[in-house]
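Undergrad: Numbering (our numbering), first residue to last: 2 to 141.
One structure, as structure tokens, below. Some questions next.
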């Protein structure tokens, strides 16, 4: 399972870097980027850090002002209150990482949705994994 996740992370990073490179060429890096988490976890995975590093480097070299909305999400495995707390902690972890890499905290808005906004079915492990995420929405 770990090897398969590493392959997925590697592919996602290549796609993300290509998108960021194209966006930089176009002087528009707006979009939604996703960071995924393990079940009940709020710590950043190595693949997530690589993705966030690519995003922060692109934001730092692009001179335009950006607004970044960081939205935490969970699968539906826990209670609504628990999921809200986990989603908030995930969003804060991503926000803190961005700030630690030189992105102004004034540009970052943190939101938490718990399990309210799934992007996949929670009836499968793959779907639950996709729902355990933080969306990083960059606007100009």
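By construction, the Cβ of each residue, glycine as well, lies at the ideal position given by its N, Cα and C atoms.
Taking only three categories from DSSP, how would you classify residue 69?
TA: The answer is strand: DSSP assigns residue 69 an E or B state.
Undergrad: Assess contact between the region 108 to 121 and the region 80 to 88, defined as three or more Cβ pairs (one per stretch) separated by less than 8 Å. Is contact present?
TA: Enough Cβ pairs lie closer than 8 Å, so yes.
Undergrad: For residue 73, collect the residues of the same chain with a Cβ closer than 6 Å to its Cβ; drop the 5 residues on either side in sequence, then sort them by chain order.
TA: Same-chain partners within the cutoff: 88, 89, 91, 92, 113 and 135.
Undergrad: Could you tell me which whole beta strand (DSSP E) segments of length 3 or greater appear in the region 38 to 96?
TA: Entirely contained in the region 38 to 96, the beta strand (DSSP E) runs reaching 3 residues are, in chain order, 68 to 73.
Undergrad: In the DSSP assignment, the alpha helix (DSSP H) including residue 129 goes from what residue to what residue?
TA: Residue 129 -> alpha helix (DSSP H) spans 126 to 132.
Undergrad: By the 10 Å Cβ neighbour count, where 16 or more other Cβ atoms means buried, how is residue 49 classified, buried or exposed?
TA: Classification for residue 49: buried.
Undergrad: Roughly how many whole angstroms lie between the Cα atoms of residue 39 and residue 138?
TA: Cα to Cα, residue 39 sits roughly 21 Å from residue 138.
Undergrad: For residue 140, does the count of other Cβ atoms within 10 angstroms reach 16, so buried, or fall short, so exposed?
TA: Exposed.
Undergrad: With DSSP run on the structure shown, which of helix, strand or coil describes residue 116?
TA: Residue 116: coil per DSSP, three-state reduction.
Undergrad: To which residues of the same chain is residue 81 closer than 8 Å at the C-beta, ignoring the five residues directly before and after it?
TA: For residue 81, where only same-chain residues beyond five positions count, the Cβ hits under 8 Å are 115 and 116.
Undergrad: Rounded C-beta distance between residue 45 and residue 104? I'm assuming under 8 Å.
TA: Rounded, the Cβ-Cβ distance is 15 Å, inconsistent with contact.
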